[in-house]
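I have placed the structure first, in the form of structure tokens, so that the comments after it can refer back to it.
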Amino acid sequence: MGIPSQMVYAVRNRTASENKNNLPLVEVRRLEMIEMEKMFEHRSEGKYGLGMEALSKQLVRIQYENICETLPLTRLMIEERVKVLQHSIDALPEYIADAVVCRSKAAELIDACVCCLKDQIHGHASLENTFSNVESCEGKSLELSLVVKDWKEARKKDCGNASVLYSEEKFLGAFSFQLELHCRTDGEDENSVGLFLIIEVPKGEPIKKMIVDYSCSAFCEGDEIVTESTSNDFIREQIWGWEPFISEDEADDLSGKMTFTAFIYVDKVTSESEDIDRDGRMLCAQLSDLQDEFLSNIESLHSNHFFFSEHFRKSLAKDIIATRGGLGLPGSVAPHLPIVVLKRLRKNLAKMCKEYRQSVFQECKMTATAILCNCIKESAHPQLLLLLEKKMGDVFEEQMKVLGTHHASIIEWEDSMHSSNHYFMDTVQSIRENIFDDGSATPSYLADLDPERIKFMSNEEQKLVDMQIEIFAYWKLMKKRFVDNIIMSTHSELVSKPIYNILKESMIKVALCKNDEDMVSLLSPAEDAVEERTFLCSRLKKLVEALELLEGFDETVMPRVLL
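Here the sequence shown is numbered in the UniProt record's numbering, starting from 1 and rising by one per residue.
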């Protein structure tokens, strides 16, 4: 025709096969002329015409052929999208307009929260019941798979967006995992294959770190082509993988069915809201650790060696000299002297009690808040969550004040030396036996108090040794009693009473006392969640209608306009 190819334009739509084969425009024009000639040949028979009606009929026929050819893929894509939308809708809260149902729902949520707390105390709760979004994912694994039936077809340049494929979306807790395959990376120098792992973190989760170990493999007709593995922090970058995963030369040599798989293990998930790294431990384990730490701190105040050290002996001697003659008798020691010494030894107890009390308070409140947020999602019932979170905080704050008063009383009890426990005399007798019995093994802290040395001591020095032994014995007795009293009172006021007696009643009272209108408002989902649910439901409805139309579509029946 003598017309440059870049100036040739078809006056009809290209067929699917012409697009697939990347047919030049000149060739399309030639085929078009053949069609025109047929129209002239059969014009007398009334089959074709040269007017708008004939042209429209030809265009409709081509469009119909394209639709029939792409129909299976279209149906598959709509079905996949329906699944994704349905999952997204199920994850969103639903608006409740009935006040009676709202009250029942609120009571159910509060009961579930308190039950989880009780399970945490007894060690019955699973990790998923405590921090579902964060820790339910930790330590778990899954497998993703993506199949490309015709690799050669997927690698073609003119496949457009189809060159980027996605695997089925899978979930661990509220975390979404998906493979993204780039059949062509369209780089400047090469057209390699890229494979990436995408992780979607739940909305509103303050995730600080998420370490994921994963390996990806590619198989061609069952034969392994390549395998890569790595470990990555996905919070800094929520999509990570390999480009190239398969080089251009290797990818061009492959054909047939390609399968891409990924094995994923979530090694560590850390939330920004967690001040303590829990390592999966429940409340009972946390409280046990705090008790052991408190006991260890009390033990470390004064070691056994301290009471029989030269430094402590000199300090006692100085106190005795300062109070000599107080009873009016020579060589006598004032009876209140051990009380004064013990009071000096106890000066740091109040500080340690406060630290222990504060630690238990923080642990209980943090666990209770985490469970509350797990049972009542912020997107589902934000106002109810805010109300109960405040009430829960008030309950623990009030119990904290009561406990502070109890601890002050326990510390005050120790201002006087008193006990009916025979542990005191047993300790004194045991130390004397260790000193004077040659057959017994002497503890290292009594090494300086051998019988020969005591024999040559003055009466005042021997009284000093007796006082050391008695102060040591009473300290051991007092220490055990004091630690038990502090731990028992703390567990009673900050753990047992709030969780078993106060929390449920207080939260139900503050939540269910509202009128019907306020009750419905209290359990209303967040506005953006309602809008998103409405939007997704509208899209889902349209896609379902489209699927129904496709199911009723018969490819063998020619449209009336083409007959």
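Even glycine gets a Cβ: it sits at the ideal position worked out from N, Cα and C. Just so it is clear, the structure is predicted and the values come from calculations on it, not from any experiment.
Under the assumption that residue i contacts residue j (Cβ atoms under 8 Å), give the Cβ distance between them as a whole number of angstroms.
i	j	result
L179	K140	No, L179 and K140 are not in contact; Cβ-Cβ is about 18 Å, not under 8 Å.
L71	L550	7 Å
C102	L523	4 Å
I298	L142	Contact doesn't hold; Cβ gap of about 47 Å is too wide.
Q86	L540	7 Å
L372	E389	6 Å
N232	V212	6 Å
Can you tell me whether residue i is helix, strand or coil according to DSSP?
i	result
Y48	Note that Y48 has pLDDT 47, beneath the 50 cutoff, so the model's placement of it is unreliable and no number is given.
R357	helix
P244	strand
G222	coil
N421	coil
residue 569	Lying before the first or after the last residue shown, residue 569 is absent from the chain, which here runs from 1 to 563.
H182	strand
G194	strand
T130	With a pLDDT of only 47 at T130, under 50, the local geometry of the prediction cannot be trusted, and the value read off the model is given with reservation. It is helical.
C137	coil
T427	helix
F234	coil
K208	strand
E94	coil
K15	Before going further, note that residue 15 is Thr rather than Lys in the sequence given. Three-state DSSP puts T15 in coil, outside helix and strand.
D253	helix
E228	strand
D111	helix
K314	helix
A368	helix
E143	strand
residue 569	The displayed coordinates of the chain run from 1 to 563. Any statement about residue 569 would go beyond what the structure contains.
L449	coil
F263	strand
S167	coil
F456	coil
If we count the other Cβ atoms within 10 Å of its Cβ and call it buried at 16 or more, is residue i buried or exposed?
i	result
P451	exposed
G552	exposed
residue 564	Nothing can be reported for residue 564, as the shown portion of the chain is limited to 1 through 563.
I246	buried
H122	exposed
C353	buried
D292	exposed
N191	buried
F472	buried
T74	exposed
residue 574	The requested residue 574 does not occur in the structure, where the chain is confined to residues 1 to 563.
I67	exposed
D319	buried
M210	buried
C183	buried
Q429	exposed
K149	exposed
H381	buried
M507	buried
Apart from the five residues just before and just after residue i, which ones in its own chain have a Cβ nearer than 8 Å to its Cβ?
i	result
R481	S419 and N421
F396	F361, C364, K365, A368, L494 and P498
D289	R281
M417	P338, I339, L342 and Y474
F308	Y445, L446, D448, L449, Q468 and F472
W242	G194, L195, F196, C216 and E228
Would you say the beta carbon of residue i is closer than 7 Å to some non-hydrogen atom of the ligand ZN?
i	result
I454	No copy of the ligand ZN appears in this structure; indeed no ligand is present at all.
Kindly list the residues whose CB is nearer than 7 Å to the CB of residue i, restricted to its own chain and excluding five residues on each side of it in sequence; keep chain order.
i	result
F424	A473, Y474 and L477
G256	W151, C220 and E221
C375	L109, A112, C113 and C116
residue 578	Beyond the ends of the chain as shown, which are 1 and 563, falls residue 578; an answer cannot be given.
By Cβ distance below 6 Å, which residues in the same chain neighbour residue i in space, the five residues on each side in sequence not counted?
i	result
L253	It should be pointed out that residue 253 corresponds to Asp in this sequence rather than to Leu. Closer than 6 Å at Cβ, skipping near neighbours: no residue.
E138	V266 and V269
D516	A99
M400	F361
Next item on the list: Run through the UniProt domain "GED" (464-558) for me and flag every whole beta strand (DSSP E) of 3 or more residues, listed as ranges in chain order.
Entry: none
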